[in-house]
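FYI, our numbering numbers position 10 of the sequence shown as 94, with every residue one higher than the one before it.
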Amino acid sequence: MPMGRFLRMLDDSGENLMVFREGDIIFISSGRGVSPLLEVIEEIGVDQLRGVVTADRVVGKAAALLNIYMGASEVHAMVISEAAKKALENNGVGYEFWEETEAIKEKDGVIFCPFERLVQDIDDPAEAYGAIRVKLADIRSA
């Protein structure tokens, strides 16, 4: 599949995350932030996700670590952060993006996304997965 095809499909769909296995869509979500990645991990399971390709609107370090945790072979992002690129490179995961940003920030453009802040000093994908799950549960119960 040509590299740009995954992002064009995501863009055309209006969704926020698409997960592909051998070119077929196996998961799609309009959820926001890292929630769809946690959803696919919990619904399908990491053993079944090894080698998938993801297309995501925004990939920061938190999303990159979740992709690494689930064994994605490629990550396609409309917007990617420098820290996400570094994490993917360090773990041998291929990636493509339309736009690069220094960091993923809140809508106000100032404050770092809470998940980016959370994983700032975490490089282990399993540790990141655990921390992100706890943080998201805390946010949802607040």
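A virtual CB, placed ideally from N, CA and C, is assigned to each residue, including glycine.
Mind checking Ile223: buried by the 16 CB within 10 Å criterion, or exposed? Working through the sequence shown from its first residue, we reach residue 223 at position 139. Ile223 should be labelled exposed.
Within the segment 110-172, note down every full alpha helix (DSSP H) run reaching 4 residues or more, in order along the chain. Within the segment 110-172, the complete alpha helix (DSSP H) segments of 4 residues or longer fall at 119-128, 130-133 and 145-153, listed in chain order.
Do you know offhand how far Ala221's Cα is from Ala212's? Here residue 221 refers to the residue found at position 137 of the sequence shown. Here residue 212 refers to the residue found at position 128 of the sequence shown. Their Cα atoms are separated by approximately 14 Å.
Should Asn151 go down as buried or exposed, given a rule of 16 or more other Cβ atoms within 10 Å for buried? Translated into positions along the sequence shown, residue 151 becomes position 67. By the neighbour-count definition (other C-beta atoms within 10 Å, threshold 16), Asn151 is a buried residue.
Pull the bridge partners of Met93 from the DSSP assignment, please. Position 9 of the sequence shown, counted from the start, is the residue given in the question as residue 93. Answer is none; Met93 lacks a bridge partner.
Give the DSSP-derived three-state secondary structure of Lys189 in the structure shown. If you number the sequence shown from 1, residue 189 lands on position 105. In the three-state reduction of the DSSP assignment, Lys189 falls in the strand class.
In whole angstroms, what is the alpha-carbon distance linking Met102 and Asp131? As a working note, residue 102 is residue 18 in the sequence shown. As a working note, residue 131 is residue 47 in the sequence shown. Near 18 Å, if we compare the C-alpha coordinates of Asp131 and Met102.
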